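Q:
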Amino acid sequence: MAATTSSNLMVTKPLNKSRPLSTCSLSWRLTLSSPFAVFPLCSRPRNAKSFLVVAMMDAKPTVLVAEKLGDAGIQLLKKFANVDCSYNLSPEELCTKISLCDALIVRSGTKVTREVFESSGGRLKVVGRAGVGIDNVDLSAATEHGCLVVNAPTANTIAAAEHGIALLTAMARNIAQADASIKAGKWLRNKYVGVSLVGKILAIMGFGKVGSEVARRAKGLGMQVIAHDPYAPADRASAIGVELVTFDEALSIADFISMHMPLTPATSKMFNDDSFSKMKKGVRIVNVARGGVIDEEALIRALDSGIVAQAALDVFIEEPPPSESKLVQHENVTVTPHLGASTMEAQEGVAVEVAEAVVGALKGELAATAVNAPMVPAEVLSALAPFVALAEKLGRLAVQLVAGGGGVKAVKVTYASARGPDDLDTRLLRAMVTKGLIEPISSVFVNLVNADFTAKQRGLRITEERIVLDGSPENPLEFIQVHIANVESKFASAIAESGEITVEGRVKDGKPHLTKVGSFRVDVSLEGSLILCRQVDQPGIIGKVGSILAGDNVNVSFMTVGRTAPKKQAVMTIGVDEEPSLEALKKIGAIPAIEEFVLLKL
Ligand SMILES: NC(=O)c1ccc[n+]([C@@H]2O[C@H](COP(=O)([O-])OP(=O)(O)OC[C@H]3O[C@@H](n4cnc5c(N)ncnc54)[C@H](O)[C@@H]3O)[C@@H](O)[C@H]2O)c1
Ligand SMILES: O=C(O)[C@H](O)COP(=O)(O)O
């Protein structure tokens, strides 16, 4: 990562070489009204300038709703955005439309592939999944494109659990088959003798939101419930009288098995020939999770061999399944067309849940239901807000101090806090430092979603260090330092004794301040632009610089001097509201006592 000279202005006096002075580059940014406007959760379009024009002509973002969404959600979206409800789009049509959309809302029926993100040309800021499962969204591609993915994780839990119980009971009593037969003019009382649930062992595979609600209900039916979930806390299970067991144990003792885990590479086809062979003969299977967790061919074999007596399936590897599907047509299989979340109540609930998350994300707020970004609780966010701004500005300053050539490869961020290490979530701060480091020297737009990915892609290693301070942990942080190793600096005084470019900042009166540059203590509010000068400490310098800037009509917001000792070297920091002209900067550089200086844009 090579620093360019276009983002700042620098003169190094000891070399006494006249270097070309370049003007600062403009940074394009969509300014939003939220306190996190400094960190909008959007990716910058490649042609950011033209986007800005579009944004000014039509301030409302556009949300594409690609699958049926509850009306309450649509109404909520319409208050904030232009809403395009286009259902049943082909993959090609979706890719074409997406370049005109800021947000996309889907259910499980739309595949949001890498091509979709690539086709968006950087405009797509958020994908909202009106439901839980996000296996139809390419999360890696979303993250790489800086696109936030949010879901609606809670509103359909009960609906899915109720559907699981409905399938369980319907299967045990052959409801679907008996219904079909009677409608076909038959009266088969002996054929459809069922099995009782009371006293039977039900294994819940995946003891999350839906799994635990199914467990509660099954206990009400008098079943003995066990569960397998490598990540579920045992106390949550024991609180509702459920024993957590191993995968093999669950398979070997269960009379009924109900799937409730997400579809991931680890759970894909986890119910296969091997696992069916470990099951109790005559076991009954319910799946309202995802078709892909079962190897469907293996299930057909297990049904045919009698290992599995019955299966009730709401979900399939391919949806809709082919009409000739042997599994769907199997007489011991009951099927529904992915109806788990399809109640009036759940659909209104997910619609509102996802619409709120999408609108919030478009406003630049951090979403509580983010799937590919850290979820930072609201109270933590408000406490960290001033440090969020500080972190970005320190990154921005530090990278502008790098002399071009070698590139920035290793950055260390130090957090000094009286809080215990577990009580300080630094992911947001690290992302902001990364944003500050990368944006001034590239065309990439960095946000919380893509910060770590972007840093890694650019070969930038960011490590973090904690200094645990004594004292009251009331403030989340005392100071933040950003250190860049193995680089030269345009402002030699920014190199600390460690040999690294070092800048330190604190929050004072709610505002970010720069408090150290290299080994020099300074104290300036981080706003506008900043001139750093190293000089031999002597009377009159402040006045000379001040009058040059005044002559250039540049308003000085502050001036401080940090020195090693009287009459020795000092670093003067000058905050300026306007950018000085090249002539003014040249005049400052020509003051004999000034050894080096740099203009930094915040
Ligand atoms: N059919 C429908 O319409 C419908 C509706 C809602 C949810 N779902 C699906 O149900 C599933 C569960 O949803 P949820 O809201 O309860 O999610 P959740 O995240 O609350 O629960 C999933 C649980 O699965 C566990 N898990 C992960 N890997 C596992 C593994 N290898 N073995 C066992 N457990 C594992 C997790 O620890 C977690 O506790 C998801 O697949 C979701 O997409 C389907
Ligand atoms: O994961 C989910 O939330 C369910 O499978 C519901 O999917 P749907 O929104 O397509 O009904």
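Whatever position you read off the sequence shown (first residue = 1), add 17 for our numbering. Glycine included, every Cβ here is placed at the ideal spot set by N, Cα and C. Note that the coordinates shown come from a computational prediction; the quantities given were computed from them, not determined experimentally.
1) Less than 9 Å separating the beta-carbons of Arg694 and Ala408?
2) Ala256: buried (16+ other C-beta within 10 angstroms of its C-beta) or exposed?
3) Any heavy atom of ligand 4 inside 8 Å of the beta-carbon of Asn304?
4) Is it buried or exposed for Ser275, if we count other Cβ within 10 angstroms and need 16 for buried?
5) Which whole runs of the alpha helix (DSSP H) in the region 101-167 are 4 residues long or more, in chain order?
6) Alpha carbon to alpha carbon, what distance is there between Lys473 and Tyr14?
7) Could you round the C-beta distance between Glu335 and Gly87 to whole angstroms and report it? I think they count as a contact, below 8 Å.
8) Are at least three pairs of beta-carbons, each pair with one atom in the region 214-223 and one in the region 275-287, less than 8 Å apart?
9) Among Ala329, Gln555, Ile302, Phe288, which residue has its Cα nearest to the Cα of Ala271?
10) Where do the N-terminal and C-terminal ends of the alpha helix (DSSP H) with Asp6 fall, by residue?
11) For the beta strand (DSSP E) containing Lys528, list its first residue and its last residue.
12) So, with DSSP's three-state summary, where would you put Gln417?
13) Measure the C-alpha to C-alpha separation of Trp45 and Val461 and round it to an integer number of angstroms.
14) Mind checking Ala172: buried by the 16 CB within 10 Å criterion, or exposed?
15) For His245, is the beta carbon positioned less than 8 Å from some heavy atom of ligand 1?
16) Does the beta-carbon of Val332, which I'm using as the reference point, lie nearer than 8 Å to any heavy atom of ligand 2?
17) Quick check on Thr431: does DSSP put it in helix, strand or coil?
18) How many angstroms separate the CA atom of Asp290 from the CA atom of Phe264?
19) Sorted by chain position, which residues of the same chain lie with C-beta nearer than 6 Å to Val345's C-beta, five sequence neighbours on each side aside?
20) Of the residues Pro108, Leu111, Arg124, Ala232, which one's Cα is nearest the Cα of Val371?
21) CB-CB under 8 Å to Lys295, same chain, minus the five flanking residues each way: which ones, in chain order?
22) For Val371, is the beta carbon positioned less than 8 Å from some heavy atom of ligand 1?
23) Kindly list the residues whose CB is nearer than 8 Å to the CB of Gln586, restricted to its own chain and excluding five residues on each side of it in sequence; keep chain order.
24) Does Val71 come out as helix, strand or coil in the three-state DSSP assignment?
25) Helix, strand or coil for Ser340? Go by DSSP, reduced to three states.
26) Taking 8 Å as the cut-off, is the beta-carbon of Ser125 closer than that to any non-hydrogen atom of ligand 2?
27) For the alpha helix (DSSP H) containing Ser359, list its first residue and its last residue.
28) Alpha carbon to alpha carbon, what distance is there between Gly139 and Asn64?
29) For the region 95-115 against the region 76-84, are there 3 or more C-beta pairs whose distance is under 8 Å?
30) Return the Cβ separation of Asn153 and Thr174 in integer angstroms, given the expectation that the two are a contact with Cβ distance under 8 Å.
31) Quick one: Cα of Lys618 to Cα of Val143, how far?
32) Per the contact definition of three or more C-beta pairs closer than 8 Å, is the region 400-417 in contact with the region 439-456?
33) With a 10 Å radius around its C-beta and 16 neighbouring C-beta atoms as the bar for buried, classify Leu205 as buried or exposed.
34) List in chain order: all unbroken alpha helix (DSSP H) runs of 4+ residues lying wholly within the region 539-611.
35) Can you pull the DSSP bridge partners for Ile484?
A: Checking against the coordinates, here is how it stands:
1) The structure shown does not extend to residue 694, since the chain is modelled only from 18 to 619, so the question has no answer here.
2) exposed
3) This structure lacks ligand 4; the ligands present are ligand 1 and ligand 2.
4) buried
5) 108-115, 131-136, 156-161
6) Nothing about residue 14 can be read from this structure; the chain reaches only from 18 to 619.
7) Wrong, their Cβ atoms sit about 26 Å apart, outside the cutoff.
8) yes
9) Ile302
10) Residue 6 lies beyond the range of the chain shown here (18 to 619); nothing can be said about it.
11) 528-534
12) helix
13) At Trp45 the pLDDT is 21, less than 50, meaning the model places this residue with poor confidence; the figure from the coordinates comes in the next sentence. Straight-line Cα distance between these residues: approximately 11 Å.
14) buried
15) yes
16) yes
17) strand
18) 15 Å
19) Pro338, Val352
20) Arg124
21) Asp265, Leu268, Ser269
22) no
23) Ser510, Arg551, Gln552, Val553, Asp554, Arg580, Glu612
24) Confidence is the limiting factor: at Val71 the pLDDT is only 30, short of 50, which leaves the residue's position unreliable and the question unanswerable from this model.
25) coil
26) yes
27) Premise fails: Ser359 is in no alpha helix (DSSP H) and is neither H nor E.
28) Bear in mind that the predicted position of Asn64 carries a pLDDT of just 34, short of 50, making it too unreliable to give a figure here.
29) yes
30) Wrong, their Cβ atoms sit about 19 Å apart, outside the cutoff.
31) 30 Å
32) yes
33) exposed
34) 558-568, 599-607
35) Ala433
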